[in-house]
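Residue numbers (the numbering used here): 365 to 501.
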């Protein structure tokens, strides 16, 4: 107890860093989304008629997106969610630049009634780095 009293700042930093390490895990669990890789996304597109949603901001798009993806920036998603014409029971795969913002979008999409939500692991970077097809804008 003497150690804890004398080093309360170190103990506080330890707990805060632990909480920050758990945050991505908690965010994934609360988003209601499943993680998918490039292979699974290809399967969802070809076999289950999935809709793909790009939530990257306009400044992040380097002139390309996944073929057939609908682009609605994350900052506008709540206002434009009605533009997603997909059946809410069909798979909806969301991606951003690297994967974090897509998880945050999951909450809004879940609240809008989408039931099969997927996050592209690694985002657009993983897709394009794998040499998979992209559509020029």
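Backbone N, C-alpha and C define an ideal beta-carbon position, used for all residues, glycine too.
Beta carbon of residue i, beta carbon of residue j: below 8 Å?
i           : j           : result
residue 500 : residue 446 : no
residue 419 : residue 438 : yes
residue 436 : residue 417 : yes
residue 385 : residue 375 : no
In the DSSP output, what is residue i paired with across the bridge?
i           : result
residue 415 : 456
residue 494 : Residue 494 pairs with nothing; no bridge assigned.
residue 499 : 429
residue 481 : 456
residue 364 : Outside the displayed range of the chain (365 to 501) lies residue 364, so it cannot be described from this structure.
residue 434 : 417
Classify residue i: buried if its beta carbon has 16 or more other beta carbons within 10 angstroms, exposed otherwise.
i           : result
residue 455 : buried
residue 397 : buried
residue 372 : exposed
residue 366 : exposed
residue 469 : buried
residue 465 : buried
So residue i and residue j are in contact, right, with Cβ under 8 Å, and what is the actual spacing, rounded?
i           : j           : result
residue 488 : residue 430 : 7 Å
residue 484 : residue 471 : Not really, about 17 Å apart at Cβ, beyond 8 Å.
residue 512 : residue 402 : Outside the displayed range of the chain (365 to 501) lies residue 512, so it cannot be described from this structure.
residue 424 : residue 461 : 5 Å
For residue i, which option in the options has the closest C-alpha, if you only look at C-alpha atoms?
i           : options               : result
residue 450 : 378, 491, 434 and 401 : 434
residue 478 : 402, 382, 414 and 401 : 414
residue 412 : 473, 494, 453 and 498 : 453
residue 490 : 443, 378 and 405      : 405
residue 480 : 400, 440, 442 and 443 : 400
residue 443 : 432, 422 and 473      : 473
residue 422 : 441, 432 and 407      : 441
residue 498 : 459, 432, 448 and 383 : 432
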